[in-house]
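J.:
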Amino acid sequence: MAVHKLFEDDFEEDNYTLIAIHCSTEDYRLAYLLNANLNLKLARKREDLDYNYMEASFSIYEWDDEENFVTWNLVTNTSKKEVEQVASAGSLFSNQQGKRTVAKYLIPERKRVDYFIKISSESYMKSSKIIVSKINAIAEVITAYALNPNQLKSKNNLIFE
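Residue 11 is where the sequence shown starts when you use the numbering used here, and the numbers rise one by one after that.
(1) Smallest Cα separation from residue 111: which of 94, 122, 126?
(2) Tell me the DSSP bridge mates of residue 3?
(3) Please tell me whether residue 141 and residue 27 are closer than 9 Å, where the distance is taken between their beta carbons.
(4) Do residue 29 and residue 152 have their beta-carbon atoms positioned less than 9 Å apart in this structure?
(5) Are the beta-carbon atoms belonging to residue 92 and residue 114 less than 9 Å from one another?
(6) Grab the span of the alpha helix (DSSP H) containing residue 141 for me, first residue to last.
(7) Rounding to the nearest angstrom, what Cα-Cα distance links residue 61 and residue 169 in this structure?
(8) Using the rule of at least 16 other Cβ atoms within 10 Å of the residue's Cβ for burial, across every protein chain shown, is residue 163 buried or exposed?
(9) Tell me residue 92's beta-bridge partners as DSSP assigns them.
(10) State buried or exposed for residue 37, treating a residue as buried only when at least 16 other CB atoms are found within 10 Å of its CB.
(11) Quick check on residue 60: does DSSP put it in helix, strand or coil?
(12) Could you round the C-beta distance between residue 131 and residue 80 to whole angstroms and report it? I think they count as a contact, below 8 Å.
(13) Between which two residues does the beta strand (DSSP E) holding residue 30 run?
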């Protein structure tokens, strides 16, 4: 019987750059600013990223640059949802009813990040330093920096297909 060995090179690795953005503006405004400053054509996808197991949905913008074989994604990291607040009958505040806001995160280990840009490329991608410097030049952006996706525990949440 033949023995088959698998090597790491046999598995196709995703080639993408991940940029974290700290910014308090709305997602549509940030997409507009990125389009204007980076010459992109980001447009909101018809459906948000919807994770039932997290009970959250995240807005996502995409541009498929067919000329350079690059796909750009802008996705929010936070999903806020109002839920009914339930108090037990014997508690001190049992007569208070209401709603509270619960936040869920696409990448929970990076809760302070507001947005992620994922730049997927079929060929070798240039250094992200130029892109990050152009993003940091936008007045509404607090800061932006490149992340190593292999260091994230929940990097599987960045699979958008």
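For glycine and all other residues, C-beta sits at the position ideal for the given N, C-alpha and C.
T.: Result, derived from the coordinates:
(1) Distance check between residue 111 and each of 94, 122, 126 places 94 closest, using alpha-carbon atoms only.
(2) Outside the displayed span of the chain (11 to 171) sits residue 3, for which this structure offers no information.
(3) Yes.
(4) Against a cut-off of 9 Å, the Cβ pair of residue 29 and residue 152 comes out as no contact.
(5) No, the pair does not count as a contact, with Cβ atoms beyond the cut-off.
(6) Where residue 141 is concerned, the enclosing alpha helix (DSSP H) stretches over 139-146.
(7) Those two C-alpha atoms are separated by around 12 Å.
(8) Residue 163 is exposed by the Cβ-count criterion.
(9) Residue 92 is bridged by DSSP to 111.
(10) Flag for residue 37 reads buried.
(11) In this structure, residue 60 counts as strand in the three-state DSSP scheme.
(12) For residue 131 against residue 80, the beta-carbon gap comes to about 5 Å, under 8 Å, which counts as contact.
(13) From DSSP, the beta strand (DSSP E) with residue 30 extends over 26-33.
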